[in-house]
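Working notes for the structure below.
Protein chains: 2
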Amino acid sequence: MSAAFTISLDAMGGDHAPEIVLKGAALARVRYPSAHFLLFGDEARLNTLLKAEKALAGHCTIRHTGHVITGDTKPSQAIRQGRQSSMWKAIDAVKNGEAAGVVSAGNTGALMAIAKLIMRPLPGIDRPAICSLFPTRLGETVMLDLGANSLCDARNLVEFAVMGACFARTMLGMARPSVGLLNVGSEEVKGTDALREANQMLRGSRLEMEFAGFIEGDDIAKGTVDVVVTDGFTGNVALKTAEGTAKLFAEFLKAAIRSSLLAKFGMLFAKPALAQVMARTDARRYNGALFVGLNGVVVKSHGGTDAVGFANAIGVAVDMISRDLNSKIAEELARMAAPLEQADSEADPSTPSKTEPTAVAEAPTQ
Amino acid sequence: MSAAFTISLDAMGGDHAPEIVLKGAALARVRYPSAHFLLFGDEARLNTLLKAEKALAGHCTIRHTGHVITGDTKPSQAIRQGRQSSMWKAIDAVKNGEAAGVVSAGNTGALMAIAKLIMRPLPGIDRPAICSLFPTRLGETVMLDLGANSLCDARNLVEFAVMGACFARTMLGMARPSVGLLNVGSEEVKGTDALREANQMLRGSRLEMEFAGFIEGDDIAKGTVDVVVTDGFTGNVALKTAEGTAKLFAEFLKAAIRSSLLAKFGMLFAKPALAQVMARTDARRYNGALFVGLNGVVVKSHGGTDAVGFANAIGVAVDMISRDLNSKIAEELARMAAPLEQADSEADPSTPSKTEPTAVAEAPTQ
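The listed protein sequences correspond, in order, to chains A and B. All residue numbers for the first sequence refer to this note's numbering, where the first residue is 1 and numbers rise by one. All residue numbers for the second sequence refer to this note's numbering, where the first residue is 367 and numbers rise by one.
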């Protein structure tokens, strides 16, 4: 992006805030020279830290907030008591039009709850989801939901598929991404009722995607599909299991090299190749999960990340701001409005559809 | 084990059967010289293959079966139509007392369904589960359920905890294993109703374990607990996601080394260290999942494994036969009979408890 834009930051969210937030913003500012940051947090601490970050001088504004939403705050508590917090104010800045997007490394549940309350879900979206990229054998895969909704019905899963496919088209430049539903087997009879029903709905849809049916856990890293759709419970466990396994492998590797003098000598030569592997699987590289399905750009950074990871999360927000993901999601929802309306009216004929009229669904994609 | 014992093998189950079953049995026979194998399958094919396996000569008996349960057979179909299959006959041999345990690389759902029908669950166990070991930073962790039961209630999860703890005590020699419930956060409010209820039940129990509460996906590889308890859907996805991630890491590593001449040179020295890492994370090493909670030893091998992997699955069966896991599970169930009876009677006062009377629960462990 060349035009100037502002991103609001919850400077107090995360395990190492506000230090890594400022350092991350400084790194991001070098990468995005037209970025301006609106920092919400403890003014005195932020001013002191800011002195060390030359790259941010003149490119950020500090807004004092006295309250911080901690990691153990329940979403309902955050909603009731969090109005003066750095997180709330940072989200509010997007709603007010002061910022084009917000990044926080704070409490995920609270961030989603406040963002839903302030920004509202997109028309036609029942449950916004947490969406991120995964490294795979073939490149990258989009995965959602990573933890916003523990229990999902078929309709939620179908909405995730729509949003995930739009994310892949927008962010990875895929014309017709392939989409799979994460299950315990590829046969049609496998899994929960919600999965089987979503499978039927997606098979019959006219969406801009190749629906690949059910996939399994090992298909994520294989890159079998461009978009992996799952409920937030399973997605969160899969994400963290993959992170844990990658770390374990890296540790085993380091321990094996340390244990042998010959290996240490060999590693002098193999180090750049090894560094390349570590870079490809570096969790910081994939830091920054988008909350898709909201009327605005909200990016969640891992709570324990460092400045490099936080800068990458800011990068996700910049990408989302510069490309128009939300209007693409609205277009796709319109395209599938007809079949979903039908499903709605079967369930409850009195509920009017929240999506666009069917005529729009027939219109070609712009 | 020094005394002779017989293991029945479903010689036709799995992607590379019967070849790898015979080769695997031959490898296992070298490791366990008092083992005898009862092979169920196509007699003509097995006799031909047997000629190449010198280690098996005189140590196996072939029983002809004409029917094979394929990978896409539904459990209900297998129950109705599978009576003449190699899988059914192999399980039946344990029930008849001809064999001390059975190993199959065939259809998991069919194997569990037939085993439950023929062997019956242990008294006090509602749902048998699939249980296996995972490599971790600290050694090994027991995980269950890996796919037998997609939907589980609190009582099922508590039974898994009991069986997993007994498995860890029996197989890994831990006096008081730590047990965690896999969830999307460690706070008590996280997760599904079943998880929260199981958490309460385990907190109040008098079982021989250290209950650690909720754990997350990355805790599996960290080795945070000795036993990871989860429903079969989540467990299956986590298992396959971990396998996929480990394979991806290994592939990235190989690709990086191939891409550089210097790295290739360095690898000449580092190769043994690297081989050590590959061995530690080799899926074949962890092949062989036990069906816990049945009145008999049933081990499921990965369908795509090779002879080394199949031999390891036979090794799991041998371990299970030589140590008396099932009586330890019965003991633990008796220990917790009182609190579970209470829970039962609250739910339905007319249902008599299937577990031992409370007096037994108070008796010290033998």
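The beta carbon of each residue, even a glycine, is placed where N, CA and C say it ideally should be.
Item	Value
Taking the C-alpha atoms as reference points, what is the distance between B/SER693 and B/LEU488?	10 Å
In or out: A/THR48 buried (at least 16 other Cβ within 10 Å) or exposed?	exposed
A/VAL225 CB to nearest chain B CB: under 8 Å?	no
Please confirm if A/ASP145 has its CB atom under 8 Å from at least one CB of chain B.	no
Output, in chain order, the set of chain B residues within a Cβ distance shorter than 7 Å of A/PHE37.	By Cβ distance, chain B contributes nothing, its closest Cβ being about 29 Å from A/PHE37, past 7 Å.
Which runs of the alpha helix (DSSP H) fall wholly inside the stretch 51-105 of chain A and span at least 4 residues, in chain order?	75-81 and 86-95
Beta-carbon of B/SER516 versus every beta-carbon of chain A: anything under 8 Å?	yes
Going by C-alpha distance, which of A/LEU325, A/ALA311 and A/VAL103 is nearest A/VAL30?	A/ALA311
Please name the residue or residues paired with A/ALA35 in a DSSP beta bridge.	A/PHE5
If we call anything under 8 Å between Cβ atoms a contact, is A/ILE118 one with A/LYS95?	yes
Let me see if you follow: with CB-CB separation under 8 Å, is B/ASP648 close to chain A or not?	no
Quick one: which chain A residues come within Cβ less than 9 Å of B/SER771?	Chain B is shown only over 367 to 732; residue 771 of chain B falls outside these bounds and no answer can be derived.
Applying the 10 Å Cβ sphere with the 16-neighbour rule, what's the burial state of A/PHE160?	buried
Could you give the DSSP three-state label for B/MET378: helix, strand or coil?	coil
Return no unless some Cβ of chain B is closer than 8 Å to the Cβ of A/ALA343.	Note that A/ALA343 has pLDDT 45, beneath the 50 cutoff, so the model's placement of it is unreliable and no number is given.
Give the DSSP bridge partners of B/ILE496, in chain order.	B/PHE657
From which residue to which residue does the alpha helix (DSSP H) around A/LYS368 run?	Lying before the first or after the last residue shown, residue 368 of chain A is absent from chain A, which here runs from 1 to 366.
Once you ignore the five residues that flank A/ILE450 on each side, which residues in its own chain have a CB closer than 8 Å to its CB?	Because chain A is modelled from 1 through 366, residue 450 of chain A falls outside the range shown and cannot be assessed.
Specify, as a first and last residue, the run of the beta strand (DSSP E) that B/THR320 falls within.	As shown, chain B starts at 367 and ends at 732. That puts residue 320 of chain B outside it, with no answer to give.
The beta strand (DSSP E) with B/ALA608 in it runs from where to where?	That residue, B/ALA608, is in no beta strand (DSSP E); its alpha helix (DSSP H) goes 598-624.
For the ligand FMN, is there a heavy atom less than 7 Å away from the beta-carbon of B/THR439?	The ligand FMN is absent from the structure shown, which contains no ligands of any kind.
Determine the chain A residues that contact B/PHE618 at a beta-carbon separation under 7 Å, and present them in chain order.	VAL277, ARG280 and THR281
For a contact meaning CB atoms closer than 8 Å, what does B/THR502 contact in chain A?	LEU248
Is any beta-carbon of chain B found at less than 8 Å from that of A/GLY304?	no
Under 8 Å between the Cβ atoms of A/LYS429 and A/GLU53?	As displayed, chain A neither begins before 1 nor continues past 366, which places residue 429 of chain A out of reach and without an answer.
Where B/SER567 and B/GLU698 are concerned, what is the direct C-alpha to C-alpha distance, given to the nearest angstrom?	In the sequence as presented, Ser is not what sits at residue 567 of chain B; that position holds Met. Roughly 15 Å between the two C-alpha positions.
Out of A/GLY14, A/GLU19 and A/ALA25, which has the shortest C-alpha to C-alpha gap to A/ILE7?	A/ALA25
Taking the CB atoms as reference points, tell me whether B/ALA481 and B/ILE496 lie closer together than 8 Å.	no
Ordered along the chain, which non-local residues of its own chain (more than five positions away) have a Cβ less than 6 Å from that of A/VAL298?	VAL102, ALA115 and PHE291
Roughly how many angstroms lie between the CA atoms of A/PRO177 and B/GLY610, to the nearest whole one?	21 Å
Below 8 Å between beta carbons is the criterion; list the residues of the stretch 599-611 of chain B that meet it against any residue of chain A, in chain order.	PHE599, THR600, ASN602, VAL603, ALA604, LEU605, LYS606, THR607, ALA608, GLU609, GLY610 and THR611
What is the rounded straight-line gap between the Cα of B/THR502 and the Cα of A/ASN199?	35 Å
Pull up the distance between the alpha-carbon of A/LYS354 and that of B/ASP597, whole angstroms please.	Per-residue confidence for A/LYS354 stands at a pLDDT of 39, beneath the threshold of 50, marking its modelled position as unreliable; no derived number is given.
Closer than 8 Å by C-beta to B/THR436: which residues in its own chain qualify, once you throw out the five before and the five after it? Chain order, please.	ASN473
So which residues of chain B does A/PHE265 contact, with C-beta pairs closer than 7 Å?	PHE635
Kindly give me the distance between the Cβ atoms of B/SER688 and B/GLY675, rounded to whole angstroms, as I take these residues to be in contact under 8 Å.	Not quite, the Cβ-Cβ distance comes to about 21 Å (not below 8 Å), so this is no contact.
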